[in-house]
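Enquirer: FYI, UniProt numbering numbers position 5 of the sequence shown as 5, with every residue one higher than the one before it.
Cβ atoms here follow ideal geometry from the backbone N, Cα and C, with glycine treated the same way.
Here it is, the structure in full.
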Amino acid sequence: MATNRVPGKIGRFFAGVFIGIRTYGWIFVALGAAVLAVSAISEREATHIKAIRPMVHPLAENANLVEADELLELLAASFTKPLDQLKLSDIDVERVEEVLEQQAFVGDAEAYVDADLVLNIAVYQRIPLLRIIADNGQNYYLDLEGVRLPLSKNYTVRVPVVTGHVVPWSDDFATQADHPLSQLMELGHSLRNDPFLAALVEQIDITETGELILAPKVGDQVIYLGRYDPRITPERLERLKTFYREGLPYEGWRKYRSFDLRYADQVVAKKA
């Protein structure tokens with residue numbers, strides 16, 4: 001009987017080993033895969049990026065207020081080494097985005113490293129709404145969000161120019177609905193969002209009393225709009241559109257020197 005017990009024990013031992021391998025073998029496989037993955041990631045992180053590919057999304061008319069080479073210079077000044085000499089592990093794409101978004105004309109920046117180790121950078125520019133050339137010497141753009149932008153050495157944007165007695169810039173003007181700059185922003189959006197008015201108005205002049213005078217792109221007329229009012233001003237602009245579409249074609253623009261919208265429900269036109 002004793003001679004039969006040893007083979008039985010050996011068989012049970014190998015059977016247990018087989019069951020253990022079958023049961024826990026996936027753990028060893030997973031650990032091996034994890035080691036290989038960590039090794040591959042470490043090797044990738046130790047490599048240098050191969051190229052930088054910046055792209056500036058243009059404004060209308062394919063215009064750029066800031067060029068890609070200017071952004072690369074900004075990045076080069078913000079890091080200890082040129083980006084293409086840094087290891088992948090040393091490149092923080094969030095910091096790259098933050099640095100670019102500090103540039104005056106950049107509204108949003110997105111950066112990522114692709115599978116080919118290329119640092120891709122996409123920049124979306126701020127969009128000017130109005131150009132301010134005030135009697136007090138201030139000269140700047142207001143963008144769609146009310147951010148003050150400097151002039152660009154690369155391009156002059158064709159937006160309505162605001163001249164005359166423009167109030168000095170104030171950082172908190174957007175928090176005050178009745179602030180003259182807030183009212184200018186509202187008027188600027190009204191002009192921009194209406195194709196007819198956007199094609200018509202070239203200049204907005206502000207008088208000493210705060211009244212608005214528009215100058216069209218075609219003709220020598222002036223258009224008296226009066227002081228800005230969130231309810232009345234849009235009505236006056238609609239009246240102006242109707243007058244241009246239905247009244248002027250029969251007489252011709254050149255016969256008039258001014259159109260006055262300050263009177264209720266009418267346009268007072270004075271001939272030259």
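Among Pro-150, Ala-134, Arg-158, which residue has its Cα nearest to the Cα of Leu-59?
Expert: Checking every option, the nearest Cα to that of Leu-59 belongs to Arg-158.
Enquirer: Of all the options Glu-70, Lys-50, Ala-77, Phe-105, which has the alpha carbon lying nearest to the alpha carbon of Asp-84?
Expert: Lys-50
Enquirer: Would you tell me roughly how many angstroms separate the C-alpha atoms of Val-106 and Asn-139, rounded to the nearest one?
Expert: Their Cα atoms are separated by approximately 19 Å.
Enquirer: Suppose the cutoff is 6 Å on Cβ atoms and the five residues either side in sequence are ignored; what does the same chain contact list for Ala-134 look like?
Expert: Val-166
Enquirer: Could you work out which residue in Gly-188, Tyr-256, Leu-71, His-48 is closest to Leu-212 when comparing CA atoms only?
Expert: Gly-188
Enquirer: With a CB to CB cut of under 8 Å and the five nearest residues on each side skipped, what residues in its chain are close to Asp-265?
Expert: Arg-239
Enquirer: Would you call the region 225-240 and the region 191-211 touching, i.e. three or more CB-CB distances under 8 Å?
Expert: Three or more beta-carbon pairs drawn from the region 225-240 and the region 191-211 are found closer than 8 Å, and the two stretches are therefore classed as touching.
Enquirer: Rounded to the nearest angstrom, what separates Pro-168 and Tyr-141 at their Cα positions?
Expert: Between Pro-168 and Tyr-141, the alpha-carbon positions lie close to 13 Å from each other.
Enquirer: Spatial neighbours of Ala-63 within its chain, please: C-beta separation below 7 Å, excluding the five flanking residues on both sides.
Expert: Excluding sequence neighbours, Ala-63 sits near Tyr-155, Val-157.
Enquirer: Considering Cα atoms alone, identify which of Val-161, Phe-259, Leu-119 is closest to Ala-198.
Expert: Val-161
Enquirer: Within its chain, find whatever has a CB closer than 6 Å to the CB of Tyr-256; leave out the 5 residues flanking it on each side and keep chain order.
Expert: Closer than 6 Å at Cβ, skipping near neighbours: Gln-221, Ala-269, Lys-271.
Enquirer: Would DSSP call Ala-115 helix, strand or coil?
Expert: DSSP places Ala-115 outside both helix and strand once states are collapsed to three, so it counts as coil.
Enquirer: Is the distance from the Cβ of Leu-100 to the Cβ of Ile-127 below 7 Å?
Expert: At the C-beta level, Leu-100 and Ile-127 stay beyond 7 Å of one another.
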